[in-house]
Amino acid sequence: MALQKPNSLLSVEQVADLTGLSTETLAQWRSQKRGIPYLKIGRCVRYDAQDVQSYLAGCRVSVSDENERRQNR
388 MALQKPNSLL SVEQVADLTG LSTETLAQWR SQKRGIPYLK IGRCVRYDAQ DVQSYLAGCR
448 VSVSDENERR QNR
């Protein structure tokens, strides 16, 4: 496992700001072992920036353009 740069680790508050999720939701997900993977360093919880990006990429919803929708009617 390669060492990560400290600035690639995000706090709970930073992840909440980036995702639009509340810190409470993130805490619930951690207790339920779901959501975004996290690191627990002592009492500190940190999220890897790449894990957050992957989570957000997985939330992406594809939409077709207006012309495709008209043709499919």
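For what it's worth, the numbering used here labels the leading residue of the sequence shown as 388, then goes sequentially.
All C-beta atoms, glycine included, are put in the ideal place defined by N, C-alpha and C.
Buried/exposed call for residue i, threshold 16 Cβ in 10 Å
{"i": "leucine 397", "result": "buried"}
{"i": "leucine 426", "result": "exposed"}
{"i": "valine 450", "result": "exposed"}
Distance between beta carbons of residue j and residue i, contact taken as under 8 Å
{"i": "serine 395", "j": "alanine 436", "result": "5 Å"}
{"i": "threonine 412", "j": "glutamate 400", "result": "Actually they are not in contact, since the Cβ atoms of threonine 412 and glutamate 400 sit about 13 Å apart, beyond 8 Å."}
CA nearest to the CA of residue i, picked from the options
{"i": "arginine 417", "options": "Leu405, Val448, Cys431", "result": "Cys431"}
{"i": "glycine 422", "options": "Ala414, Leu405, Ile428", "result": "Ala414"}
Beta-ladder partner(s) of residue i, from DSSP
{"i": "valine 432", "result": "Lys427"}
{"i": "leucine 396", "result": "Asp435"}
Helix, strand or coil at residue i [DSSP, three-state]
{"i": "leucine 443", "result": "helix"}
{"i": "glutamine 401", "result": "helix"}
{"i": "leucine 413", "result": "helix"}
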